[in-house]
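The opening residue of the sequence shown carries number 108 in my numbering; numbering runs sequentially from there.
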Amino acid sequence: LSGEPEAMSGHFGSLIVGGLWSSGIRSAHSVRGGMGAITDALAARLGNRIVTGAPALGLEQDGAGVRLRLTRDGAEETILADHAVIATPAPVARHIVADLPADKAAALDHVAYGPYVVMAAVTTETTPMPYDDLYAVAVAGRTITMIFNGANALRDPSGSAPRAPGGALTAYTGADKARALAGRSDDEIRALFIEEINEVLPETKGLIGETRIQRWEHGYPYWRPGRLDIQDALARPFGRIHFAGDYVEYPSTDPAARSGQMAARAILSALDGDPT
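Written out as structure tokens, the structure is:
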């Protein structure tokens, strides 16, 4: 998790533990090709309507629509639209959107994020591994706190199909343990994470190949005490500006997508389109 246990609400802690570890009640899906395949598919549908490398400077509205200021290729531009959906982390939304109502601003300020340090690794084994049937391993007493076996969905639990060589593991740490790594180089973090993965999964020794380190300041929006009190303010649009993201509801992929879908329906309805 991205926050220390004492910083979280009891309600949120029970949801996290129940959702991850309770048998028979969790509905989860694996995406062929990984989660990046979803954003790739969306990008393909939208074509040249997606613009990257254009930081948003401010978003404001008047009676006729919304006005977005941004920079592109070193020059400031203004884009006009009927409505806008802002799907940034809460602190970014708080900074970009002008003239927020007091309760909306306070709700965005209440959203708490913690940092993550993450290492993804390709493994080079040629035979089955003892952890093939495990998706995630919780780790105690070390810097890393979780190891995910991303290739788990590809393994045949019956053993009837040949086991493809190679695999992928992701290890991460969050909250105070991640903050403690702020002054460490990527090479130092890589060496530490590999050492600890080898300790937890000894069969991986000598088999960890390519790796990549990521540091995420806004890793995950955990719930502090009082989070439910601001739910209405977080989810409510501000005029023609709609808010979407994992902080708007329970922080997970499904609620994040749902918040975007609800924003789209509201805009279609306002434009006399089909809200379905």
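Ideal Cβ positions, reconstructed from N, Cα and C, are used throughout, including at glycine.
DSSP, read as helix, strand or coil, puts E167 in strand.
The C-beta of Q321 has fewer than 16 other C-beta atoms within 10 Å across all chains shown, which makes the residue exposed. Looking at A148, Q338, D189 and E310, the one whose alpha-carbon comes closest to that of A171 is D189. Judged by beta-carbon spacing, A209 lies beyond the 7 Å limit of G165, meaning their Cβ atoms are not closer than that value. Nearest to A371 by alpha-carbon distance, out of R347, P358 and T360, is R347.
It is roughly 14 Å from the alpha-carbon of A342 to the alpha-carbon of R201. Comparing alpha-carbon positions, the option among V225, M226, P222 and L175 lying closest to I203 turns out to be L175.
In the structure shown, P198 adopts helical secondary structure according to DSSP, grouped into three states.
In the three-state DSSP reduction, A271 falls in the coil class, being neither helix nor strand. DSSP places G172 inside the beta strand (DSSP E), whose first and last residues are G172 to R179. In the displayed model, P332 falls within coil according to three-state DSSP, outside both helix and strand. Here the C-alpha atom of P269 lies approximately 21 Å from the C-alpha atom of V138. With a minimum length of 4 residues, there is no unbroken run of alpha helix (DSSP H) contained wholly in the stretch 223-265.
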